[in-house]
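No gaps in the numbering here: position 106 of the sequence shown is 91 in our numbering, and each next residue is one more. For each residue, glycine too, the CB sits at the ideal point set by N, CA and C.
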Amino acid sequence: MKLKIAIQKSGRLYEESVKLLKDCGIDLKNGVNKLKTESDNFPMEIYFLRDDDIPQYVEDAVADIGIVGENVLLEKNKKVDIVEQLGFGKCRLSVAVGRSEMYTGVDYLRGKKIATTYPVLVQQFLDKNNVEADIHEISGSVEIAPGIGLADAIVDLVSSGSTLFMNGLKEVETVLKSQAVLIRNQSLGDAQQLILEKFLFRIRAVKRARNTKYVLLNAPNEKLQEIIALLPGMKSPTVLPLAEAGWSSVHSVLSESDFWDIIERLKDAGAQGILVVPIEKMVM
Ligand code: ATP
Ligand code: ZN
C-alpha cells in the first residue's frame, strides 16, 4: 500500500515540495519517468502535475494528497481537506492599478475592467465589498493588461512586487494571503491515513526545526539567572560548567522570529561566544 502525492511538476512550488520530501527523509527514485516516481524508503508514490490540476486529482482520489497554493485551492473550490500549512510558496493575491492612478479605495474598481487568472476569488472579493466590476479572465501575463489597454486594474499574485513595478503598476489591495498547503482526499482509506500520519509527523518536525535555532553561549555565573530568563527553550536550558571557574555554558533553542531581538539582549546581559546552529529535525 502506498500513499500517492501530487506535486507541481515545474514552477514555483516544485523545488520546495521536493525539498520537503527530502527533509522528511523520503528519497525519490531517479527515473526517466517525468510523470511519476516512487520512494525506496517510504511507502509513497509521487505524481508530477500542473498545480491547477492538483485539487481535482485529489478530490477524485487519483492522488491521495497533494501540495498546492491556497490561492489555487480556493479558486478551484474542490472538495478536499487542508491538512497542514507548509510555510513556503508565500505570496499574496493583490489588486494593482497604474502607478499614476489616484486610488481611493475599493470603490475605485466600480465599473472598471479587471484582468485576472483568478475570476472566482476576484468575484468573491468584489461581492464582499459590494462593488460591481467587469472581470476579464486571461490565462497569463496579467501584468501587461493595463499597459496595452485591456484592463484598468489587475488581480495577480505578488511576492516582492518587482513585476508590478516593472510594468508601471502599484499594489493597492490584498485579496488573499497564500502559502503552500498539504491537501487530502476526503475519503482516504485507513492504510493511506496511517501513512499520511507518519508523513505529517515528519513534516511537523521539519517545520519546527526550520523555525528554530540552537544557541550555545558562555555566561559568567553571576549573570546566569538573567540570561536564562531571556531564553524560552523547550524545557529549561541546559547549563554546564566550563573548565574556567566562574563560567558556564548555556544551551537552548530560539525561534527564528525573535532570534535577533534575543541575541542582542543576551549580549547586553553578558553572554559571550554565542554560537547559533541550524536544527535539522525537532521532535516534540
Ligand atoms: P503550472 O505550470 O503548474 O500551472 P503556474 O505557472 O500556474 O504553474 P507558478 O508560477 O509556478 O504556477 O506558481 C505556483 C504557485 O506558487 C502559485 O499558485 C502560488 O501559490 C505560489 N507563488 C509563490 N510566490 C509567487 C509569485 N510571486 N508569483 C506567483 N506565484 C507564486
Ligand atoms: Zn498553474
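Margin query: Taking the alpha helix (DSSP H) that P40 belongs to, which residues open and close that run?
Written below: As a working mapping, residue 40 is identified with position 55 in the sequence shown. The continuous alpha helix (DSSP H) containing P40 extends over residues 39 to 44.
Margin query: I want to check one thing, is the minimum distance from the CB of D37 to the heavy atoms of ligand 2 below 7 Å?
Written below: By 1-based counting over the sequence shown, the position of residue 37 is 52. With a cutoff of 7 Å, D37 counts as near ligand 2, since its C-beta is closer than that to a heavy atom of the ligand.
Check: Which residues bound the alpha helix (DSSP H) around E241?
Finding: Looking up residue 241 in the sequence shown gives position 256. Unbroken run through E241: none, as it is neither H nor E.
Notebook entry, point to check: Just the Cα atoms here: how many angstroms apart are K4 and A165?
Noted result: Translated into the one-based positions of the sequence shown, residue 4 becomes position 19. Translated into the one-based positions of the sequence shown, residue 165 becomes position 180. If I take the Cα positions, the gap works out to 13 Å.
Note to self: Which same chain residues end up closer than 6 Å to R169 when comparing Cβ atoms and leaving out the 5 residues on each side of it in sequence?
What the structure shows: Counting from one through the sequence shown, the residue named residue 169 turns up at place 184. Excluding positions up to five away in sequence, the list reads I50, D66, V68.
Notebook entry, point to check: Cβ of C76 versus every heavy atom of ligand 1: is any distance shorter than 7 Å?
Noted result: Here residue 76 corresponds to residue number 91 of the sequence shown, with the count starting at 1. Checking the Cβ of C76 against ligand 1 gives yes.
Note to self: Measuring only the C-alpha atoms, how far is L202 from K192?
What the structure shows: If you number the sequence shown from 1, residue 202 lands on position 217. If you number the sequence shown from 1, residue 192 lands on position 207. If I take the Cα positions, the gap works out to 25 Å.
Note to self: For a quick check, are the C-beta atoms of A100 and A46 less than 8 Å apart?
What the structure shows: On the sequence shown, position 115 is the one that residue 100 refers to. On the sequence shown, position 61 is the one that residue 46 refers to. One thing to note: A100 has its Cβ no nearer than 8 Å to the Cβ of A46.
Notebook entry, point to check: Does the Cβ of R(-3) lie closer than 7 Å to at least one heavy atom of ligand 1?
Noted result: Start at 1 with the first residue of the sequence shown, and residue -3 comes out as number 12. Flag set: Cβ of R(-3) near ligand 1.
Note to self: I need the straight-line Cα distance from E1 to F73, nearest angstrom please.
What the structure shows: For this step, residue 1 is matched to residue 16 along the sequence shown. For this step, residue 73 is matched to residue 88 along the sequence shown. Going from the Cα of E1 to the Cα of F73 covers about 7 Å.
Margin query: Does the contact criterion of 3 or more C-beta pairs under 8 Å hold for the region 241 to 249 versus the region 182 to 198?
Written below: Yes, since at least three Cβ pairs between the region 241 to 249 and the region 182 to 198 fall closer than 8 Å, the two stretches touch.
Note to self: Can you tell me whether A81 is buried or exposed? The criterion is at least 16 other CB atoms within 10 Å of its CB, across all chains shown.
What the structure shows: Taking the first residue of the sequence shown as 1, we reach residue 81 at position 96. Counting Cβ neighbours within 10 Å, A81 comes out buried, since at least 16 surround it.
Next item on the list: Give a single yes or no on whether V143 has its beta carbon closer than 7 Å to a heavy atom of ligand 1.
Entry: As a position in the sequence shown, residue 143 is number 158, starting the count at 1. Yes; taking the cut-off as 7 Å, the Cβ of V143 has a heavy atom of ligand 1 nearer than that.
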